[in-house]
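Peer 1:
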Amino acid sequence: EGILLSGGASLMPGLADFIQQSTGVPARLAEHPFSAPCQGAGMAAQMRNC
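Counting in my numbering, the final residue of the sequence shown is number 67, and the numbers go up one at a time with none missing.
#1: Could you tell me the alpha carbon to alpha carbon distance between Met64 and Thr40, rounded to whole angstroms?
#2: So what does Ile20 bridge to, in DSSP terms?
#3: So, is the C-beta of Gly57 closer than 7 Å to a C-beta in chain B?
#4: Exposed or buried, which one is Ala33 when buried takes at least 16 other CB atoms within 10 Å?
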């Protein structure tokens with residue numbers, strides 16, 4: 018469990034470490050950070066039968 022970073026801004030060097038140190042919660046970069054937000058939106062739409 019933890020924070021999953023996605024989107025273009027998640028590629029900023031040191032962001033995951035900064036978030037982890039600031040929150041105390043493990044943070045990691047999504048495997049495909051550019052497409053992850055779109056995939057998540059599609060999954061949410063399917064769950065809502067949109």
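Here a beta-carbon is modelled for each residue, glycine too, at the ideal position from N, C-alpha and C.
Peer 2: This is what the structure gives:
#1: The count along the sequence shown starts at 1 and reaches residue 64 at position 47. The count along the sequence shown starts at 1 and reaches residue 40 at position 23. Rounded to the nearest angstrom, the two C-alpha atoms are 30 Å apart.
#2: Looking up residue 20 in the sequence shown gives position 3. Bridge partners of Ile20: Ala44.
#3: In the displayed structure, chain B is absent; only one protein chain is listed.
#4: In the sequence shown, counting from the first residue as 1, residue 33 sits at position 16. Answer is buried; the Cβ neighbour count reaches 16.
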